[in-house]
Structure formats: C-alpha cells, structure tokens
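Beneath this line is the structure, given in structure tokens, with notes to follow.
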Amino acid sequence: MITLPRGRTLRLLIGTILVAITLVCLSNSLSAQDSEYGFPNGIAEKAYLNRILHQPGSPYTRADVAFAQRAGITLVAVDSVANNSDTLGKPRVRGVIVMLARNDDLYGAKNAIGQLEKRFNHKYHYPYVYLNDEPFSEDFKTTMRGISPESDVQFGLVPKEHWSYPDWINQTVAANARSEMAAKDVIYGGSESYRHMCRFNSGFFFRHPLLDQYDYYWRVEPSVEFLCDIPDDPFRYMQENNKLYGFTVSLYEFPETIPTLWKTVRQFMNEHPSFVRKDNSMRWLGNKPDEYNLCHFWSNFEIASLHLWRSRAYLEFFNYLDKAGGFFYERWGDAPVHSIAVSMLLKPAQIHFFNEIGYYHNPIMHCPVDQPAMAGRCQCDGSETFDLQHYSCTGRWFDLFGGGEASRRAFKLQQERKRAERSKQS
Ligand SMILES: Nc1nc2c(ncn2[C@@H]2O[C@H](COP(=O)(O)OP(=O)(O)OP(=O)(O)O)[C@@H](O)[C@H]2O)c(=O)[nH]1
Ligand SMILES: [Mg+2]
119 MITLPRGRTL RLLIGTILVA ITLVCLSNSL SAQDSEYGFP NGIAEKAYLN
169 RILHQPGSPY TRADVAFAQR AGITLVAVDS VANNSDTLGK PRVRGVIVML
219 ARNDDLYGAK NAIGQLEKRF NHKYHYPYVY LNDEPFSEDF KTTMRGISPE
269 SDVQFGLVPK EHWSYPDWIN QTVAANARSE MAAKDVIYGG SESYRHMCRF
319 NSGFFFRHPL LDQYDYYWRV EPSVEFLCDI PDDPFRYMQE NNKLYGFTVS
369 LYEFPETIPT LWKTVRQFMN EHPSFVRKDN SMRWLGNKPD EYNLCHFWSN
419 FEIASLHLWR SRAYLEFFNY LDKAGGFFYE RWGDAPVHSI AVSMLLKPAQ
469 IHFFNEIGYY HNPIMHCPVD QPAMAGRCQC DGSETFDLQH YSCTGRWFDL
519 FGGGEASRRA FKLQQERKRA ERSKQS
C-alpha cells in the first residue's frame with residue numbers, strides 16, 4: 119500500500135515541485151531570450167533577422183564585431199554599396215552570381231553562364247564573381263567577360279588559408295582515409311582537392327572580399343543547364359519574402375562520405391542548444407533525433423542569403439565541424455553541411471523551393487512543366503522531373519511543410535507515361 123504524505127510534508131512537497139517548475143520555466147525563457155548569439159527564440163523575427171543578418175543599422179554588439187573580425191568578415195555599411203538600378207527600373211537587390219571553377223572548366227562555365235544569361239540575367243545584369251584556388255587564365259577571363267558583357271565581372275583568387283589544411287589536421291591520417299575510401303570506390307573518396315572544395319564551399323566562400331558587398335548569391339557550377347526562361351527575379355523574391363535559402367533539387371547523401379557527421383551535429387546541438395531554432399526545419403532530416411535520413415539540398419544550385427553563412431550561429435557550427443576533422447578524415451560534402459545548418463537555423467517558411475527554375479546537373483533534372491502553359495518557356499519534359507522520384511527528398515519536404523502541387527501533377531504525368539509505356543510493351 120502506498121502511504122501518501124500529509125499535512126506539513128505534503129505542503130513541503132508541493133512547494134518543492136512548484137519551485138522546481140518555476141526554475142525550469144525561468145531557465146528556459148532565459149536561454150531562449152538571452153543566448154550570447156541573440157538566437158533566435160523569444161526574439162521578435164525582425165530583431166532576429168537583424169542579429170543574424172548583418173543588415174544596415176543592425177544592433178551589432180561589440181562581441182559581434184569582434185567575432186566578425188576573427189571570422190574574417192567585413193561588416194559593410196549599406197551606404198558604401200552602390201544602389202544601382204536594374205533594367206526594370208527598381209533598385210537592384212544586392213545579389214551576385216558566384217561560380218567556383220578551374221581554368222579547365224572554361225567550356226562548362228561558358229555553357230552554364232551562357233544559358234543563365236539567355237534565360238534570366240540579360241534582363242537584370244546581376245554581377246558575376248568567379249573564384250579559383252589558382253589564378254584564372256587570361257583566356258578564362260576574356261571568355262567569361264564576353265558572355266555577359268553588360269554585367270560587372272570579377273575574378274578572385276581563393277586565399278591559401280581557405281584552401282589548405284588547418285593545423286589540427288593530421289595529414290597522414292587524412293591521406294590514409296583517402297586511400298581507404300578510394301579502395302572502396304566512394305565517389306571522390308580519393309580526391310584531396312574535392313575535400314578542399316567542399317570545405318571551402320561549406321565555410322569560406324562567403325568570406326571572400328569580392329562578396330562583401332552582396333546580400334544574396336546564386337551558386338552556379340560549370341556544365342549545369344538552365345532549362346526554362348525565368349520570368350521573375352529570384353533574388354528579389356528572396357528579399358521581398360524573407361527567404362534565406364532556395365533550392366531546386368534534394369536527394370540522399372552517400373552514407374560512406376559522412377559516417378560521423380550526424381553524431382558531431384548532435385554533439386554541437388547538445389553543447390549549444392541556444393543555436394537551435396525552436397521552430398526549425400529539422401523534421402525533414404529524419405523522424406528520430408539520433409538518425410539522419412541523409413536528405414540534403416543539392417548545393418550545386420543555391421540561391422541564398424550570404425548573411426546566413428556569415429551569422430555567428432553558422433560560423434560556430436562550421437568551426438565545430440571543422441575541428442572534428444570530417445572534411446578530411448571522411449569526405450563531408452558542403453551539401454549535407456549546408457542543409458543540416460539550414461534546417462537547424464531556419465524555420466520552413468524561410469526556405470524556398472524554386473519550382474519555376476528548370477535545372478539540370480548531371481544526372482538529375484528538375485523540370486517545372488506540369489501543365490501546357492509552362493511548356494512554351496522550357497526545354498524539358500516535366501513528366502521526367504526528379505521532384506517526387508524515389509531518390510528525391512523533396513516529397514518529404516512537401517509532406518511536412520506543404521507546397522508541391524505542381525510536382526504532384528508532374529508525378530501523375532510520370533506515372534501515366536510509365537503505365538502507357540508498360541502497356542505498349544506488353
Ligand atoms: N578552383 C577549383 N574549383 C573546383 C575544384 N574542384 C571542384 N571545383 C569546383 O567546385 C564545384 C563542385 O565541383 P564538382 O566537381 O562539380 O563536384 P560535384 O558537383 O560534387 O561533382 P560532379 O558530379 O562531378 O559535378 C564546381 O563549381 C567545380 O568547378 C578545384 O580543385 N579547384
Ligand atoms: Mg558538379
């Protein structure tokens with residue numbers, strides 16, 4: 119038989135429970151409002167954006183400024199940025215098209231940018247920044263200037279410290295890891311330069327001085343294709359709708375490239391709970407906290423805020439991962455790193471699926487032609503779009519956060535086509 123406490127003991131017990139509840143609530147609200155990083159729960163959205171975004175007039179603390187200096191980031195005053203107008207007469211959004219490339223990527227770079235010009239930028243003249251870990255050849259520069267004669271075009275060298283081993287990495291261990299992965303046929307498993315590239319795209323590209331003056335970037339890779347005329351300005355869309363990250367394709371990562379990534383992410387989250395947005399998008403990454411379902415946005419296409427990566431929260435996250443060594447001891451890609459960060463730091467409404475941008479990066483295609491009205495401006499077959507195919511994670515995104523009507527219509531077309539093919543064969 120259970121003996122219930124009475125009288126003074128009961129009052130004492132209830133009192134203790136009430137005090138404990140109050141303390142828990144108080145500590146939650148304090149940690150929500152008062153993280154050193156101003157992040158993000160309990161802070162009004164605008165203030166939150168101002169804190170993570172280095173916006174003009176944002177209330178930087180001294181600590182923010184010191185941190186930015188340590189991270190090699192310049193806080194740019196808005197007045198120092200020319201307020202050009204685009205050809206449509208509105209003030210220009212501070213957007214830039216960025217490509218990391220080698221000199222021998224010239225042919226692919228020319229094709230990709232040629233298509234982007236034809237489909238979109240000939241109307242807007244957004245500037246281009248090309249980055250390389252080696253100096254660009256005159257041939258590369260002249261050719262690429264010629265493709266977008268009306269845009270400002272800049273060529274930047276990646277600083278050595280953004281493309282080399284940090285001192286805590288044991289290069290012998292890294293070399294052994296590469297050999298082991300190559301022996302197992304892991305894609306790019308044996309490549310040293312690929313690892314520097316992934317680390318650069320994860321943690322450094324946005325610190326390049328040529329990007330200081332911009333708020334948004336569009337990442338383009340050599341040899342990708344833009345399959346549709348792009349009617350509206352995606353940069354402006356991002357700005358006007360408070361979007362911070364945009365994607366067209368998502369899929370599953372190769373697990374062999376990231377054996378300890380998720381464990382490291384979880385450690386980071388446990389050690390820095392104030393970075394983890396309460397209304398985040400992490401459900402997309404799996405149903406159980408201990409298991410990563412390998413979903414990621416395919417980062418060869420990104421239209422996103424540069425300030426997202428310049429935020430203290432992201433830089434702390436990147437530093438944590440970088441210290442863990444997985445960029446070199448494994449083969450962590452910038453795609454899962456960006457995607458996990460985006461899911462942790464942003465709410466779903468800040469992440470945008472750019473359905474209308476028809477896009478191809480070998481071997482995957484996103485095509486928005488789900489209805490005849492769109493067919494006139496695209497060179498792709500919507501019934502072949504990747505969106506809801508089994509290796510895509512975009513369906514999961516729609517299921518969790520809504521949207522995707524066009525993709526569902528396209529998927530229906532896909533099924534009908536397959537059925538028709540099957541019945542023709544039988
Ligand atoms: N400057 C420079 N750029 C690189 C290097 N390696 C890759 N890149 C660029 O980094 C981006 C990603 O590299 P990719 O080789 O396309 O990697 P991926 O998309 O995972 O693989 P693919 O399926 O081969 O396209 C591209 O813009 C490349 O041009 C390098 O060593 N130096
Ligand atoms: Mg590529």
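Here this note's numbering = 1-based position in the sequence shown + 118. Where a beta carbon is used, it is the ideal one built from N, C-alpha and C, also for glycine.
Item	Value
Which same chain residues end up closer than 7 Å to A219 when comparing Cβ atoms and leaving out the 5 residues on each side of it in sequence?	A227, Y248, N250 and P340
Is any heavy atom of ligand 2 found at a distance shorter than 7 Å from the C-beta of S479?	The question names Ser, but residue 479 is His in the sequence shown. Yes, Cβ of H479 sits closer than 7 Å to a heavy atom of ligand 2.
For L379, which residues in the same chain have their Cβ closer than 8 Å to its Cβ, ignoring the five residues on either side in sequence?	Y410, L439, G444, E448, W450, P454, V455 and I458
Give the DSSP-derived three-state secondary structure of I161 in the structure shown.	Here I161 scores only 31 on pLDDT, less than 50, and its place in the model should not be relied on; the value that follows carries that caveat. Three-state DSSP puts I161 in coil, outside helix and strand.
Buried or exposed for K542, please, with buried defined as at least 16 other CB atoms from any protein chain shown within 10 angstroms of its CB.	exposed
For ligand 1, any of its heavy atoms closer than 7 Å to the Cβ of A219?	yes
Looking at the structure shown, is N584 part of a helix, part of a strand, or coil, going by DSSP?	Here the chain has residues from 119 to 544 only, and residue 584 is not among them.
According to DSSP, is S255 helix, strand or coil?	coil
Nearer than 7 Å: is that true of the beta carbon of E339 relative to any heavy atom of ligand 2?	yes
Using a 10 Å radius around the Cβ and a threshold of 16 neighbouring Cβ atoms, would you call P349 buried or exposed?	exposed
For a test of your reading of the model: does the CB of N229 fall under 7 Å from any non-hydrogen atom of ligand 2? Yes or no.	no
Among all the DSSP beta bridges, which residues are the ones paired with N250?	L275
Using the three-state DSSP reduction, which class does L518 fall into: helix, strand or coil?	helix
Tell me which residue opens and which closes the alpha helix (DSSP H) that L463 is part of.	D452 to L463
How far does the alpha helix (DSSP H) with E358 in it extend, from its first residue to its last?	P352 to E358
In chain order, which alpha helix (DSSP H) runs of at least 4 residues are fully inside the stretch 278-353?	289-301 and 310-321
Taking Q357 as the reference, give the member of L426, W402, F386 and R317 with the closest Cα.	L426
Report buried or exposed for S266, applying the criterion of at least 16 other Cβ atoms within 10 angstroms of its Cβ.	buried
With a CB to CB cut of under 7 Å and the five nearest residues on each side skipped, what residues in its chain are close to F275?	The sequence as given places Leu at residue 275; Phe does not occur at that position. Excluding sequence neighbours, L275 sits near N250 and P253.
Just to check, is the beta-carbon of N418 closer than 7 Å to a non-hydrogen atom of ligand 2?	yes
I'd like to check one pair, L328 with Y335: are the Cβ atoms closer than 8 Å?	no
Is Y432 near ligand 1, with its Cβ less than 7 Å from a heavy atom?	no
Mapping the DSSP letters down to three states, classify L144 as helix, strand or coil.	Confidence at L144 is low in this model, with a pLDDT of 41, below 50, so its placement is unreliable and no value can be given for it.
Between R296 and G308, how many whole angstroms is the CB-CB distance? I'm expecting something under 8 Å.	5 Å
Using the C-alpha atoms, what's the distance from R237 back to F516?	27 Å
Measuring alpha carbon to alpha carbon, tell me which residue in S269, T261, F273 and P277 is nearest G190.	P277
Rounding to the nearest angstrom, what Cα-Cα distance links M217 and S544 in this structure?	48 Å
Given a cut-off of 8 Å on the beta-carbon distance, is the pair A528 and T503 in contact?	yes
Any chance the CB of S461 is under 7 Å from a heavy atom of ligand 1?	no
In this structure, does DSSP put Y244 in helix, strand or coil?	coil
F353 and V211 - do their beta-carbons sit closer together than 8 Å?	yes
Apply the 10 Å Cβ neighbour rule to K302 and answer buried if 16 or more other Cβ atoms are within range, or exposed otherwise.	exposed
Looking at the strands, I want to know which residues DSSP matches up with C511.	In DSSP, C511 forms no bridge with anything.
Could you pull the start and end residues of the beta strand (DSSP E) that I215 belongs to?	G213 to L218
Can you have a look at E163 and say buried or exposed, based on whether 16 or more other CB atoms are within 10 angstroms of its CB?	With a pLDDT of 40 at E163, under the threshold of 50, the modelled position of that residue is not reliable, and the figure given next carries that caveat. By the 10 Å Cβ count, E163 comes out exposed.
Rounded to the nearest angstrom, how far is the Cβ of S282 from that of N239, given a contact under 8 Å?	Not a contact, Cβ separation roughly 33 Å.
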